[in-house]
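Just so you know, we're using numbering that gives the first Met the number 0 here: the sequence shown kicks off at 0 and counts up by one. We put the beta carbon where it would ideally sit given N, CA and C, even for glycine. All of these numbers come straight from a predicted model, not from anything done at the bench. First up is the structure itself, then whatever we jot down about it.
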Amino acid sequence: MKVAVINEVSARDKNPYIIEALKKQPVEVLNAGMKAGEFETELTYIHTGFMAAALLNLGAADMVIGGCGTGQGFLLSAMQYPGVFCGLITEPLDAWLFGQINGGNCISLALNKGFGWAGNINLEYIFEKLFSDEFGRGYPLERQQSQRQSREKLRMISQKTHKPFADIFAETDKDIIMQVFKHKPFADIVSGEVENKELQKFILSEIRG
0 MKVAVINEVS
10 ARDKNPYIIE
20 ALKKQPVEVL
30 NAGMKAGEFE
40 TELTYIHTGF
50 MAAALLNLGA
60 ADMVIGGCGT
70 GQGFLLSAMQ
80 YPGVFCGLIT
90 EPLDAWLFGQ
100 INGGNCISLA
110 LNKGFGWAGN
120 INLEYIFEKL
130 FSDEFGRGYP
140 LERQQSQRQS
150 REKLRMISQK
160 THKPFADIFA
170 ETDKDIIMQV
180 FKHKPFADIV
190 SGEVENKELQ
200 KFILSEIRG
């Protein structure tokens, strides 16, 4: 599983904790957002929500781990886009239930509010539970079929209520696009190995003019 980590400006100092905690999980980590001590390109949750959607729709990542001070801003931003199913995760049980019941592809963490003593340990436990079982198994198990049907219905609703991501990209404020593509780690992932080659070709043509 490819997991992209996208930190925005207010939580860039938490990036090392997230990366370190993910090292204990069987995932490939793509560090796409801001890092501790980085000031060159400032990314807000408006930017990181867009970035999460781009990576998921490209198939560059299977899951995105983002967040902000409270987790609410990134959650709202990411959920504006097609194919993004994001949950606000504050504790390990949230993570496990989100994976089992919702089977989403994006989580938002509160990285300032309540991130105190042993906050890094809480991250380790969150990721341990998030990746401990196959996504979408269902809980309780006797509701597997119902929950599977609900996830499929939600996917179909997302398709019907959003424009295709290419159309959204073409109409997005150019200042947002310029800002996120100034951030080299993200730009490198977008131009690298992705599943949706057609979308990648369109995005790169738009960026290069």
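How would you write the range of the alpha helix (DSSP H) that residue i sits in, first residue to last?
i	result
N56	Y44 to L57
I17	N14 to L21
F97	First-last for F97: undefined, no H or E at that position.
R154	Q143 to T160
K181	K173 to K181
A165	F164 to E170
Tell me where the beta strand (DSSP E) around residue i begins and ends.
i	result
K200	It is not in any beta strand (DSSP E) - K200 instead sits in the alpha helix (DSSP H) that spans K196 to R207.
V63	M62 to C67
S76	That residue, S76, is in no beta strand (DSSP E); its alpha helix (DSSP H) goes Q71 to A77.
I106	C105 to A109
Under the assumption that residue i contacts residue j (Cβ atoms under 8 Å), give the Cβ distance between them as a whole number of angstroms.
i	j	result
A10	E123	About 17 Å; that fails the 8 Å criterion.
K13	L110	4 Å
K181	T40	5 Å
L42	A3	13 Å between Cβ atoms; not a contact.
Alpha carbons only, please: which of the options is nearest the one belonging to residue i?
i	options	result
N101	G65, W116 and L153	L153
K273	I188, L92, T160 and I106	Outside the shown range of the chain, which is 0 to 208, sits residue 273, and nothing can be said about it.
G65	Y16, R150 and T40	Y16
M0	A35, G58 and Y44	G58
N6	R150, Y44 and G135	Y44
G115	F164, G68, F168 and K183	G68
E197	A165, G135 and Q79	A165
G36	S149, I120, K112 and V8	V8
In the DSSP assignment, what are the bridge partners of residue i?
i	result
G118	For G118, which the question treats as bridged, DSSP gives no partner whatsoever.
V28	V2
L87	S107
Hey, is residue i close to the ligand SAM, as in C-beta under 7 Å from one of its heavy atoms?
i	result
F84	As for the ligand SAM, it is missing from this structure, which has no ligand bound.
Cβ pair count under 8 Å reaching 3, the stretch 78-86 against the stretch 25-38: no
Inter-stretch contact at 8 Å, needing at least 3 Cβ pairs: the stretch 153-162 / the stretch 192-204: no
contact_flag[the stretch 100-115, the stretch 66-73] where n(CB pairs < 8 Å) is 3 or more: yes
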